[in-house]
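Its first residue numbered 3, the sequence shown is counted upward by one per residue in my numbering.
Since the structure comes first, as structure tokens, the remarks are kept for the end.
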Amino acid sequence: MCEVQKLLDELCQTFTKFKEMRRTEMINVLNQVRCCECGHKMRLQNARHLRGASLTIKLVLSCFSFLLLLALYMVYVARRYNHVRTYGSSACVSTFFYTYTDCDVFF
3 MCEVQKLLDE
13 LCQTFTKFKE
23 MRRTEMINVL
33 NQVRCCECGH
43 KMRLQNARHL
53 RGASLTIKLV
63 LSCFSFLLLL
73 ALYMVYVARR
83 YNHVRTYGSS
93 ACVSTFFYTY
103 TDCDVFF
């Protein structure tokens, strides 16, 4: 009976040893595999950051464009005001492409 017990203990030890080796190899393999979800989470965080940045850039660009258009309109209005003030309201209309120096004003 002692030999049978010894054989069973050795078998149990062998199986335990191989089970432990298989577990460590599996852990090593899993450590070498890339984490797909980790990369996905990182891409999502980058996308959220870029989306916020792109909205800020769009807002700044639209404000700058609005201010530029407002400045151009103010130049047009000032030019128009000066022309009407100088030549009267019946003078020819000046635009950016047709200046009031090109038009004949008769009194």
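Ideal Cβ positions, reconstructed from N, Cα and C, are used throughout, including at glycine.
This one's a predicted model, so the numbers in the text were calculated from it and none came from an experiment.
Segment limits, alpha helix (DSSP H) that includes residue i
{"i": "valine 31", "result": "4 to 34"}
Own chain residues within Cβ distance below 6 Å of residue i, not counting five before or after
{"i": "cysteine 4", "result": "none"}
Cβ-based neighbour list, residue i, same chain, cut-off 7 Å, excluding 5 preceding and 5 following
{"i": "leucine 71", "result": "none"}
Beta-carbon proximity list for residue i, same chain, < 8 Å, skipping 5 on both sides
{"i": "phenylalanine 109", "result": "Unreliable positioning characterises phenylalanine 109 in this predicted model, as indicated by a pLDDT of 45, which lies under 50. A coordinate reading is not provided."}
Segments of 4+ residues assigned as alpha helix (DSSP H) that fall wholly inside the stretch 36 to 90 | Within the stretch 36 to 90, the complete alpha helix (DSSP H) runs of at least 4 residues are 38 to 89.
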